[in-house]
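Take the position in the sequence shown, starting the count at 1, then add 452; the result is the number in the numbering used here. Quick reminder that beta carbons are idealized off the backbone N, C-alpha and C, glycines included. To start, the structure under review is shown below, and the notes come after it.
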Amino acid sequence: MSATMMATMPAMPAMPATEVLPYHLESVPLRPSARSWIIRALIRGPRRVSELRELARKQGYRWGTILTVKASLGVIAANYDGASSSWVWRLPTIYELEGA
453 MSATMMATMP
463 AMPAMPATEV
473 LPYHLESVPL
483 RPSARSWIIR
493 ALIRGPRRVS
503 ELRELARKQG
513 YRWGTILTVK
523 ASLGVIAANY
533 DGASSSWVWR
543 LPTIYELEGA
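In structure tokens, the structure reads:
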């Protein structure tokens, strides 16, 4: 926009954002917490770490945050055949939680 056009534009009155936006900011759905994201991702059973990492990236989670939450939940990491691509994560069983 040119300086001439800006100089001839009328001043906009000050208004709260809630009057300008079509909805209140509080109504915008927030992304689930990383904690609930991991639980939902693993509730049906083990998942490959490579798959989880890609899903987390696509949904805007930082991998470092996911690793921190993984540790706090006691998520189990297992490698079944020694290949780097075969690492999986799973939720701990009730017996594993009781023994901790």
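Taking 8 Å as the upper bound for CB-CB distance, I518 and I490 are in contact here, some 7 Å apart. DSSP, read as helix, strand or coil, puts I495 in coil. Shown here, V540 sits in a strand according to DSSP, grouped into three states. With distances taken between CA atoms, G516 lies nearest to A486 out of E550, E548, L549, A486.
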